[in-house]
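Asker: Supplied in structure tokens, the structure appears directly below.
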Amino acid sequence: MKSSKSFVLFLSVLLCITVSSTSAQTPVFSFNKYTNGKGDTLNYRLLGPDYDTIRKYPLVIFLHGSGERGNDNNAQLKWGAMTFAKEQTMLMYPAFVLAPQCPEGQGWSNFADGKKKRELILKPDATKPMELLIALINQLKTELPVDTNRIYITGLSMGGFGTFDAIERYPHMFAAAVPVCGAGDISRAASIAHIPIWIFHGAEDAAVDPLFGTDMLMALTNAGAHPGFTQYPSVGHFSWLGAYTDPLMMEWLFRQHK
Numbered sequence: 001m002k003s004s005k006s007f008v009l010f011l012s013v014l015l016c017i018t019v020s021s022t023s024a025q026t027p028v029f030s031f032n033k034y035t036n037g038k039g040d041t042l043n044y045r046l047l048g049p050d051y052d053t054i055r056k057y058p059l060v061i062f063l064h065g066s067g068e069r070g071n072d073n074n075a076q077l078k079w080g081a082m083t084f085a086k087e088q089t090m091l092m093y094p095a096f097v098l099a100p101q102c103p104e105g106q107g108w109s110n111f112a113d114g115k116k117k118r119e120l121i122l123k124p125d126a127t128k129p130m131e132l133l134i135a136l137i138n139q140l141k142t143e144l145p146v147d148t149n150r151i152y153i154t155g156l157s158m159g160g161f162g163t164f165d166a167i168e169r170y171p172h173m174f175a176a177a178v179p180v181c182g183a184g185d186i187s188r189a190a191s192i193a194h195i196p197i198w199i200f201h202g203a204e205d206a207a208v209d210p211l212f213g214t215d216m217l218m219a220l221t222n223a224g225a226h227p228g229f230t231q232y233p234s235v236g237h238f239s240w241l242g243a244y245t246d247p248l249m250m251e252w253l254f255r256q257h258k
């Protein structure tokens, strides 16, 4: 009877220690806010490897969709971003992962509708969130051991549009791009033909026409590029569920460099 009570007491103490240790853990993505010289701000979360001062690491930029806009600096981790924080991913592909949050009512991309169907035209000026994001990337490049030859960008839905906006607006910054259910200006295909790109889309996407993806695929191919293209059959807008859990995509992404 005494040994039984001792065992129960041991389990209780062990449980308390386990719960205490779990609750004391800090978030994997640290909370941060970038402020430029004009006082404009951009919330962001940052995941970092266990880095030292000898090695440099890739930087992955993750752009969320329209439903995750706001100012809580948390919603942007709802879809996709946490894949990079998995222990196996961090072990195999140590990297800095930047997940900014776009404010409500704003967007990552700045495209105008053209005269033709599904025609998007990149406007001269970047949106404020995109402008702040690029400034933040440049700052992190000076503060952290970032391998500037391995800066990658990916995003879903609104973030997929933002991914195309970023590489078309800043074609020499990124070493690879993974736009998911997004769209871009196909007239700019030649300017981004040198960037390794893997496009993902759902064949039954009712929110973003899958033909946006095939249009960009053809434009890039005609410009001499060799883009990857995955279209999931019987999948709607949530194509990111397949894209960010695809081990081949991860392996492909992290071996790209300028």
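Position one of the sequence shown corresponds to residue 1 (the numbering used here), numbered consecutively onward. Yeah, the Cβ is synthetic: ideal placement off N, Cα and C, and Gly gets one too. As the structure is a prediction and not an experimental result, all values here were calculated from the model.
Taking 8 Å as the threshold, find out whether the stretch 124–139 comes into contact with the stretch 200–212 through three or more Cβ pairs.
Answerer: No, because fewer than three Cβ pairs between the stretch 124–139 and the stretch 200–212 fall closer than 8 Å, the two stretches do not touch.
Asker: On the DSSP letters alone, give me the boundaries of the alpha helix (DSSP H) that Thr260 sits inside.
Answerer: Only positions 1 to 258 of the chain appear in this structure, which leaves residue 260 out of reach.
Asker: How would you call Ser234, buried or exposed, if buried means at least 16 neighbouring beta carbons within 10 angstroms?
Answerer: Numbered from its first residue, the sequence shown carries residue 234 at position 234. Ser234 should be labelled exposed.
Asker: Should Glu143 be labelled buried (16 or more other beta-carbon atoms within 10 Å of its own) or exposed?
Answerer: Position 143 of the sequence shown holds residue 143. Exposed: under 16 other Cβ atoms inside 10 Å.
Asker: State yes or no: is the C-beta of Arg69 within less than 9 Å of the C-beta of Leu122?
Answerer: Counted from its first residue, the sequence shown places residue 69 at position 69. Counted from its first residue, the sequence shown places residue 122 at position 122. Cβ distance not < 9 Å, so Arg69 and Leu122 don't count as in contact.
Asker: Alpha carbon to alpha carbon, how far is Ile54 from Leu47?
Answerer: Sequence index remark: in the sequence shown, residue 54 carries index 54 (1-based). Sequence index remark: in the sequence shown, residue 47 carries index 47 (1-based). CA-CA distance, Ile54 to Leu47, rounds to 19 Å.
Asker: If you count every other CB in all the chains shown that lies within 10 Å of the CB of Met249, and 16 or more means buried, which is it?
Answerer: Along the sequence shown, one-based indexing puts residue 249 at 249. Buried, because 16 or more other Cβ atoms sit within 10 Å of the Cβ of Met249.
Asker: Express the C-alpha separation of Phe229 and Asp215 in angstroms, rounding to a whole number.
Answerer: The sequence position of residue 215 within the sequence shown is 215, counting from 1. The sequence position of residue 229 within the sequence shown is 229, counting from 1. So the alpha carbons of these two residues sit roughly 11 Å apart.
Asker: Could you tell me if Thr245 is buried or exposed, where buried requires 16 or more neighbouring beta carbons within 10 angstroms of its beta carbon?
Answerer: As a working note, residue 245 is residue 245 in the sequence shown. So Thr245 ends up on the exposed side.
Asker: Comparing C-alpha positions only, which one of Gln76, Gln256, Phe84 sits nearest to Ala175?
Answerer: The residue you call residue 175 lines up with position 175 of the sequence shown. Closest by alpha carbon: Gln256.
Asker: Looking at Lys78 and Arg150, is the spacing between their C-beta atoms short of 9 Å?
Answerer: Along the sequence shown, read from residue 1 onward, the residue named residue 150 stands at position 150. Along the sequence shown, read from residue 1 onward, the residue named residue 78 stands at position 78. Contact: no.
Asker: For the alpha helix (DSSP H) that Lys141 lies in, which residues bound it at each end?
Answerer: In the sequence shown, the residue the question calls residue 141 occupies position 141. Lys141 -> alpha helix (DSSP H) spans 128–143.
Asker: Could you say which of Asn110, Val208, Phe31 lies nearest to Trp240 if we only look at CA atoms?
Answerer: Along the sequence shown, read from residue 1 onward, the residue named residue 240 stands at position 240. For the residues Asn110, Val208, Phe31, the minimum Cα distance to Trp240 belongs to Val208.
Asker: Measure the CB-CB distance between Phe200 and Cys181 and report whether it falls below 9 Å.
Answerer: Walking along the sequence shown from the start, residue 200 turns up at place 200. Walking along the sequence shown from the start, residue 181 turns up at place 181. Contact flag set, yes.
Asker: Going by Cα to Cα distance, which pick from Arg188, His194, Gly236 is closest to Pro210?
Answerer: Against the sequence shown, residue 210 aligns to sequence position 210. Minimum Cα distance to Pro210 is reached at Gly236.
Asker: Can you tell me which of Asn222, Ser30, Phe254 puts its alpha carbon nearest to the alpha carbon of Asp147?
Answerer: Sequence index remark: in the sequence shown, residue 147 carries index 147 (1-based). Measuring from the Cα of Asp147, the nearest candidate turns out to be Phe254.
Asker: Would DSSP call Ile195 helix, strand or coil?
Answerer: Your numbering for residue 195 matches position 195 in the sequence shown. It is coil, neither helix nor strand.
Asker: Quick one: what's got a C-beta closer than 6 Å to Ala282's C-beta in the same chain, skipping five residues either side?
Answerer: With the chain running from 1 to 258 in the structure shown, residue 282 is simply not present.
Asker: Tell me the DSSP bridge mates of Asn43?
Answerer: Residue 43 sits at position 43 when you count from the first residue of the sequence shown. According to DSSP, Asn43 bridges with Lys33, Gln101.
Asker: Determine the DSSP secondary structure at Asn149, reduced to helix, strand or coil.
Answerer: Sequence index remark: in the sequence shown, residue 149 carries index 149 (1-based). Note: Asn149 maps to strand in three-state DSSP.
Asker: Looking at the secondary structure, which residues open and close the alpha helix (DSSP H) in which Asp215 lies?
Answerer: Residue mapping note: residue 215 aligns to position 215 of the sequence shown, counting from 1. First-last of the alpha helix (DSSP H) with Asp215: 210–222.
Asker: Output the distance between the C-alpha atoms of Gly242 and Asn73, rounded to the nearest integer angstrom.
Answerer: Here the question's residue 242 lines up with position 242 in the sequence shown. Here the question's residue 73 lines up with position 73 in the sequence shown. Looking at the two C-alpha atoms, the distance is approximately 25 Å.
Asker: Among Val97, Arg188, Val178, whose alpha-carbon lies nearest the alpha-carbon of Pro196?
Answerer: What you label residue 196 is simply residue 196 of the sequence shown in a count that begins at 1. For Pro196, the nearest C-alpha among the options comes from Val178.
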